[in-house]
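If you want it as structure tokens, here you go:
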């Protein structure tokens with residue numbers, strides 16, 4: 001019996017890590033994509049696999065250009081006939097990689113990202129099970145037109161909402177605001193709602209190779225804005241501020257936001273982990289009303305790291321007027 005084809009691209013991470021120590025400590029990424037595939041019993045009965053090692057990096061060493069190259073690889077794979085594509089990587093930056101891919105993924109075929117919290121040689125390694133779930137998700141017709149998905153622990157999450165919420169637990173991935181969109185149970189992939197996504201961003205040829213500078217600055221008790229004032233506008237393409245509560249900052253930081261927003265796009269997001277930025281509730285200096293009046297843009301439901309990626313993606317096309325930033329965040333930061 002002929003099985004559908006799935007492309008698997010490996011970037012490294014815990015799922016590909018092994019240890020040379022007798023106690024299994026100090027793991028590093030060593031396994032190839034072919035090795036990951038070979039470790040999944042019965043995978044050949046589910047799919048014809050095209051495996052490729054794209055990188056063998058620890059998650060913190062991934063960057064936007066690497067993920068954009070991964071996007072091109074996945075697009076080429078489905079254009080060549082794969083029913084879907086799977087990317088394996090480390091978990092520390094998985095939520096960011098998945099969202100960046102989702103911003104530009106323009107094929108109806110599924111692109112699924114997965115990884116592992118336990119290394120390949122650990123007792124109870126979760127990599128093989130997660131990879132099998134990801135493949136099943138990528139091949140399921142009901143996964144089409146859903147953009148980029150994250151498969152972890154038999155749950156399926158939208159890249160837009162998923163976050164790593166625990167540093168060690170095998171069930172580290174959650175969608176804090178709304179929960180998973182689907183499940184894989186007894187090999188059957190099911191979703192709670194029909195597909196619904198924001199159209200992907202478009203790039204002109206060559207723009208995908210850019211690398212804008214968009215720093216993320218988190219506020220804190222006693223912050224007076226000196227970190228923002230230390231940023232030279234000519235050195236950045238935009239700035240994201242992770243604020244208290246619904247995106248609030250101190251009065252001093254608000255003044256720094258205003259100075260910076262006159263020269264480059266500034267977006268404020270909530271550092272809470274769930275919930276949107278405010279629009280009209282508070283009116284004190286540093287509130288959402290004040291920041292909007294100073295020229296900053298609210299991130300809506302997007303958390304700081306994803307707000308930063310959206311601003312980075314917009315900046316790939318060159319300088320972005322505040323009105324265009326506001327429009328993009330109004331569209332992609334809503335429910």
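In the UniProt record's numbering, the protein residues as written are 1 to 335. Note that beta-carbon positions come from the ideal geometry of N, C-alpha and C, so glycine has one too.
With a cut-off of 8 Å on the beta carbons, I'd call residue i and residue j a contact; round off their distance for me.
i           : j           : result
residue 5   : residue 17  : Contact flag wrong, Cβ pair sits at about 27 Å.
residue 183 : residue 154 : 6 Å
residue 78  : residue 107 : 5 Å
residue 240 : residue 269 : 6 Å
residue 55  : residue 48  : No, residue 55 and residue 48 are not in contact; Cβ-Cβ is about 23 Å, not under 8 Å.
residue 151 : residue 74  : Actually they are not in contact, since the Cβ atoms of residue 151 and residue 74 sit about 15 Å apart, beyond 8 Å.
residue 62  : residue 97  : 6 Å
Just to confirm, is the Cβ distance from residue i to residue j under 7 Å?
i           : j           : result
residue 294 : residue 257 : yes
residue 87  : residue 9   : yes
residue 159 : residue 274 : no
residue 212 : residue 326 : no
residue 91  : residue 124 : no
residue 201 : residue 104 : yes
residue 216 : residue 110 : no
residue 252 : residue 225 : yes
residue 307 : residue 249 : no
residue 93  : residue 59  : yes
residue 102 : residue 135 : no
residue 15  : residue 121 : no
How long is the line joining the alpha carbons of residue i and residue j, rounded to whole angstroms?
i           : j           : result
residue 336 : residue 221 : In the structure as shown, the chain starts at 1 and stops at 335, and residue 336 therefore has no counterpart that could be examined.
residue 321 : residue 265 : 7 Å
residue 174 : residue 289 : 31 Å
residue 119 : residue 262 : 47 Å
residue 335 : residue 168 : 29 Å
residue 312 : residue 23  : 41 Å
residue 278 : residue 223 : 20 Å
residue 299 : residue 129 : 35 Å
residue 162 : residue 95  : 6 Å
residue 70  : residue 99  : 13 Å
residue 318 : residue 237 : 8 Å
residue 181 : residue 27  : 32 Å
residue 39  : residue 132 : 10 Å
residue 285 : residue 235 : 27 Å
residue 260 : residue 323 : 16 Å
Give the DSSP-derived three-state secondary structure of residue i in the structure shown.
i           : result
residue 152 : strand
residue 220 : coil
residue 158 : strand
residue 123 : coil
residue 258 : helix
residue 364 : Residue numbering for the chain in the displayed model covers 1 to 335; residue 364 lies beyond these limits and cannot be assessed.
residue 178 : coil
residue 17  : strand
residue 84  : strand
State yes or no: is the beta carbon of residue i nearer than 7 Å to at least one beta carbon in chain D?
i          : result
residue 37 : No chain D appears in this structure, which consists of one protein chain only.
Does the region 132 to 146 come close enough to the region 68 to 87 to have 3 or more Cβ pairs within less than 8 Å?
yes
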